[in-house]
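Asks:
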Amino acid sequence: MHNEKIKASLKIILVLTAVYLFLVSIGLMGTAFKGFGKGFAENLIRTTSNPFIGLFIGILATSLVQSSSTTTSIVVGIVGSGALSMTNAIPIIMGANIGTTVTNTLVSIGHIGRREEFKRAITGGTVHDFFNIMCVCIMFPLELAFGVLSKMASWMSDIFVNIGGIRFTSPIKLATKPVIHFFKYLVIRLGAANDIVHTILLVISIVLLFVSLYFIVKLMRSLVAKRTEIVLNNVIGKHAIAAIFVSIIFTTIVQSSSITIALMIPLIAAGILTVETMFPLIMGANIGTTTTAILASFATGNIAAITVAFVHFLFNMIGVCFIYPIKALRQIPTRLAKNLGNLAFKKRRYVFIYVLTLFFIIPGLLIFISKVW
2 MHNEKIKASL KIILVLTAVY LFLVSIGLMG TAFKGFGKGF AENLIRTTSN
52 PFIGLFIGIL ATSLVQSSST TTSIVVGIVG SGALSMTNAI PIIMGANIGT
102 TVTNTLVSIG HIGRREEFKR AITGGTVHDF FNIMCVCIMF PLELAFGVLS
152 KMASWMSDIF VNIGGIRFTS PIKLATKPVI HFFKYLVIRL GAANDIVHTI
202 LLVISIVLLF VSLYFIVKLM RSLVAKRTEI VLNNVIGKHA IAAIFVSIIF
252 TTIVQSSSIT IALMIPLIAA GILTVETMFP LIMGANIGTT TTAILASFAT
302 GNIAAITVAF VHFLFNMIGV CFIYPIKALR QIPTRLAKNL GNLAFKKRRY
352 VFIYVLTLFF IIPGLLIFIS KVW
């Protein structure tokens with residue numbers, strides 16, 4: 002009995018270590034992609050006057066920097082300077098919501114070595130993609146036709162414009178920052194050229210991601226009994242509204258919907274969580290990720306910054322309120338994700354085609370064509 006307790010304690014310590022390395026890998030990946038794409042993303046955002054193309058600029062820019070917060074902050078800055086109108090900024094914000102889901106899809110690819118696990122991971126990793134695409138399909142036409150988001154956001158920003166901002170630092174970012182900086186320092190000290198640094202960091206992040214995911218799934222399977230799986234799925238499944246609020250709070254604290262959802266993917270891959278159980282947690286993460294930007298925008302006192310932050314919040318909030326109460330609608334993202342998971346089980350290359358097409362090829366081609374014409 003004593004030996005079993007020691008083994009269980011060691012496994013818990015190893016799981017926590019693997020989760021920490023997993024979070025470091027996501028942070029490193031973000032650092033690498035920002036190094037590649039931040040300047041390009043900023044130039045891209047400045048060059049749109051077509052709302053439809055703006056949507057795809059938001060997808061491509063955020064896929065490159067792997068952070069909707071980065072895209073949103075660039076948009077806020079450009080709108081504040083007067084170089085981008087609110088009308089053109091809103092589609093970019095919507096596109097950013099699709100682009101930010103690429104992180105979860107890339108994390109789910111980390112399970113590619115184990116076919117059944119890969120199928121579940123892809124299903125869990127892409128349900129966020131399909132939910133956000135569905136939100137865009139609903140809200141984009143409404144915004145173009147009636148200016149729903151811009152009118153509501155302007156009204157809200159007038160009320161909150163004189164409120165002081167609250168600055169908040171993510172404990173996860175604080176915990177992982179020293180290790181991320183250490184890797185960056187180490188690569189620079191090894192004499193890598195400036196443009197190679199981010200490539201090496203990306204390689205390190207991918208290796209860490211694969212290793213940490215392998216151990217998280219393996220250890221969680223041995224730690225979590227079937228009874229715990231049933232309890233977890235029943236508790237969240239039967240109290241979906243509570244799950245949404247818990248997810249909002251957690252995402253507000255960690256300041257990233259990608260981290261909230263990425264942490265669930267190993268549990269889905271291990272068969273501990275179902276995609277239906279995960280769905281309300283995704284919706285909560287979508288709302289929670291906007292709260293930090295709202296609080297930060299209050300500190301600027303800039304009406305345009307506050308309005309853009311509220312557009313982001315309203316887009317996610319209305320999407321959740323519209324889709325979740327209607328069973329037929331909330332089943333669409335999960336069914337599409339399951340279909341992609343089944344395709345991934347048969348032919349793993351379909352996932353790479355999906356990622357490249359949705360996040361890079363289609364947006365890149367449309368933006369290129371719009372510039373040429």
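374 is the number that this note's numbering gives the last residue of the sequence shown; the numbers go up by one with no jumps.
Where is the CB? At the ideal position from N, CA and C, for every residue including glycine.
#1: Just checking L29 against the ligand GDP - is the residue's beta carbon closer than 7 Å to any of the ligand's heavy atoms?
#2: On a Cα-Cα basis, can you pick out the residue from L61, I54, T32 that is closest to K358?
#3: Buried or exposed for E118, going by 16 or more other Cβ atoms inside 10 Å?
#4: Output the distance between the C-alpha atoms of A97 and G111, rounded to the nearest integer angstrom.
#5: Looking at C-alpha atoms only, which residue of I363, V77, F57 is the closest neighbour of A310?
#6: For I249, collect the residues of the same chain with a Cβ closer than 7 Å to its Cβ; drop the 5 residues on either side in sequence, then sort them by chain order.
#7: Kindly indicate which residue of L24, I7, N4, A9 has the alpha-carbon position closest to the one of S213.
#8: Using C-beta distances below 7 Å, list every residue in its chain close to I189, excluding the 5 sequence neighbours before and after it, in chain order.
#9: Is it true that the CB of T124 sits closer than 8 Å to the CB of I269?
#10: Would the region 83 to 96 and the region 125 to 144 be scored as touching if the rule is three or more Cβ pairs under 8 Å?
#11: Can you find the residues in the same chain that come closer than 8 Å, C-beta to C-beta, to N4, ignoring five residues on each side of it along the sequence?
#12: Which residue spans inside the region 110 to 193 form an unbroken beta strand (DSSP E) run of at least 3?
#13: What would DSSP say about R336, mapped onto helix, strand or coil?
#14: Return the CA-CA distance between G148 and G83, expressed in angstroms with no decimal places.
#15: How do the region 169 to 188 and the region 253 to 264 stand: do at least 3 beta-carbon pairs fall below 8 Å, yes or no?
#16: Quick one: is L375 buried, meaning 16 or more other Cβ sit within 10 Å of its Cβ, or exposed?
#17: What does the alpha-carbon distance come out to for the pair P267 and S70?
#18: For N31, count neighbouring C-beta atoms within 10 Å of its own C-beta (all shown protein chains included) and say buried if the count is 16 or more, exposed if not.
#19: Rounded to whole angstroms, what is the Cα-Cα separation between I354 and K328?
#20: If we define contact as Cβ-Cβ less than 8 Å, is A338 a contact residue for chain D?
#21: Compare the C-alpha of R121 against each of T335, A146, F361 and name the closest.
#22: When the distance is taken between beta carbons, is A263 closer than 8 Å to T127?
#23: Which term fits A226, buried or exposed, when burial requires 16 or more other beta carbons within 10 angstroms of its beta carbon?
#24: Between I319, L366, A306, F314, which has its C-alpha nearest V80's C-alpha?
#25: Would you mind stating whether V356 and V103 have Cβ atoms separated by less than 8 Å?
#26: Out of V373, I46, I237, which has the shortest C-alpha to C-alpha gap to E277?
#27: Taking just the CA atoms, how far does S68 sit from L220?
#28: Counting C-beta neighbours from all protein chains within 10 Å, is the total for D159 16 or more, i.e. buried, or is it exposed?
#29: Can you list, in chain order, the residues of its chain whose CB lies under 8 Å from that of L341, leaving out five sequence neighbours each side?
#30: Closest to I260 by C-alpha separation, out of W374, V312, V108, G272, would be which residue?
#31: Take I181 as the anchor and find which of M157, L209, S155, G192 has the nearest alpha-carbon.
#32: Using only CA atoms, which one of S64, I14, K6, A33 lies nearest to P364?
#33: Report the three-state DSSP secondary structure of L296 (helix, strand or coil).
#34: Within 10 angstroms of the Cβ of I7, are there 16 or more other Cβ atoms? Answer buried if so, exposed if not.
#35: Spatial neighbours of D130 within its chain, please: C-beta separation below 6 Å, excluding the five flanking residues on both sides.
Replies: On the basis of the data shown:
#1: No copy of the ligand GDP appears in this structure; indeed no ligand is present at all.
#2: Here residue 358 corresponds to residue number 357 of the sequence shown, with the count starting at 1. One point to set straight first is that residue 358 is Thr, not Lys, in the sequence displayed. Of L61, I54, T32, the residue nearest in Cα terms is L61.
#3: Locating residue 118 in the sequence shown gives position 117, where the first residue counts as 1. It is buried - the Cβ of E118 has at least 16 other Cβ atoms within 10 Å.
#4: Along the sequence shown, read from residue 1 onward, the residue named residue 97 stands at position 96. Along the sequence shown, read from residue 1 onward, the residue named residue 111 stands at position 110. Rounded to the nearest angstrom, the two C-alpha atoms are 23 Å apart.
#5: Locating residue 310 in the sequence shown gives position 309, counting from the first residue. Among I363, V77, F57, the Cα nearest to that of A310 is on V77.
#6: Position 248 of the sequence shown, counting from 1, holds the residue named residue 249. Contacts found: G285, I288, G289.
#7: By 1-based counting over the sequence shown, the position of residue 213 is 212. It is L24.
#8: Within the sequence shown, numbered from 1, the residue matching residue 189 stands at position 188. The answer, listed in chain order, is V198.
#9: Sequence index remark: in the sequence shown, residue 269 carries index 268 (1-based). Sequence index remark: in the sequence shown, residue 124 carries index 123 (1-based). The answer is yes: Cβ separation under 8 Å.
#10: yes
#11: Residue mapping note: residue 4 aligns to position 3 of the sequence shown, counting from 1. Excluding sequence neighbours, N4 sits near nothing in its chain.
#12: The region 110 to 193 contains no whole beta strand (DSSP E) run of 3 or more residues.
#13: Counting from one through the sequence shown, the residue named residue 336 turns up at place 335. Helix, per DSSP.
#14: Reading the sequence shown from its first residue, position 147 is the one you call residue 148. Reading the sequence shown from its first residue, position 82 is the one you call residue 83. Whole-angstrom Cα-Cα distance: 20 Å.
#15: yes
#16: Lying outside 2 to 374, the shown extent of the chain, residue 375 is not represented and no answer is given.
#17: Within the sequence shown, numbered from 1, the residue matching residue 267 stands at position 266. Within the sequence shown, numbered from 1, the residue matching residue 70 stands at position 69. Rounded to the nearest angstrom, the two C-alpha atoms are 24 Å apart.
#18: As a first step, residue 31 must be located in the sequence shown, where it is residue number 30. Reading off the sequence shown, one finds Gly at residue 31, where the question assumed Asn. Buried is the call here.
#19: What you label residue 354 is simply residue 353 of the sequence shown in a count that begins at 1. What you label residue 328 is simply residue 327 of the sequence shown in a count that begins at 1. C-alpha separation (whole angstroms): 30 Å.
#20: Among the chains of the structure shown, chain D does not appear; only one protein chain is present.
#21: Here residue 121 corresponds to residue number 120 of the sequence shown, with the count starting at 1. The option with the nearest alpha carbon to R121 is T335.
#22: Here the question's residue 127 lines up with position 126 in the sequence shown. Here the question's residue 263 lines up with position 262 in the sequence shown. In this structure, A263 does not lie closer than 8 Å to T127 by Cβ.
#23: In the sequence shown, counting from the first residue as 1, residue 226 sits at position 225. Residue confidence is low: A226 scores 49 on pLDDT, short of 50, so the model does not pin down where it sits. No coordinate-derived value is stated.
#24: Reading the sequence shown from its first residue, position 79 is the one you call residue 80. Nearest C-alpha to V80: A306.
#25: Taking the sequence shown and counting its residues from 1, the one referred to as residue 356 is at position 355. Taking the sequence shown and counting its residues from 1, the one referred to as residue 103 is at position 102. Yes; because the gap between Cβ atoms is below 8 Å, this pair is in contact.
#26: Start at 1 with the first residue of the sequence shown, and residue 277 comes out as number 276. Among V373, I46, I237, the Cα nearest to that of E277 is on I237.
#27: Here residue 220 refers to the residue found at position 219 of the sequence shown. Here residue 68 refers to the residue found at position 67 of the sequence shown. Rounded to the nearest angstrom, the two C-alpha atoms are 29 Å apart.
#28: Here the question's residue 159 lines up with position 158 in the sequence shown. Its Cβ having fewer than 16 others within 10 Å, D159 is exposed.
#29: Here residue 341 corresponds to residue number 340 of the sequence shown, with the count starting at 1. Only I123, T124, T127, Y351, V352, Y355 meet the Cβ criterion.
#30: The count along the sequence shown starts at 1 and reaches residue 260 at position 259. By alpha-carbon distance to I260, the top candidate from W374, V312, V108, G272 is V108.
#31: If you number the sequence shown from 1, residue 181 lands on position 180. Considering only alpha carbons, the answer is L209.
#32: Here residue 364 refers to the residue found at position 363 of the sequence shown. Nearest option by C-alpha distance: S64.
#33: Residue 296 sits at position 295 when you count from the first residue of the sequence shown. In the structure shown, L296 sits in a helix (DSSP, three-state: H, G or I).
#34: Your numbering for residue 7 matches position 6 in the sequence shown. So I7 ends up on the exposed side.
#35: For the purposes of this step, residue 130 is taken as the residue at position 129 of the sequence shown. Cβ neighbours of D130 beyond the five flanking positions: T102.
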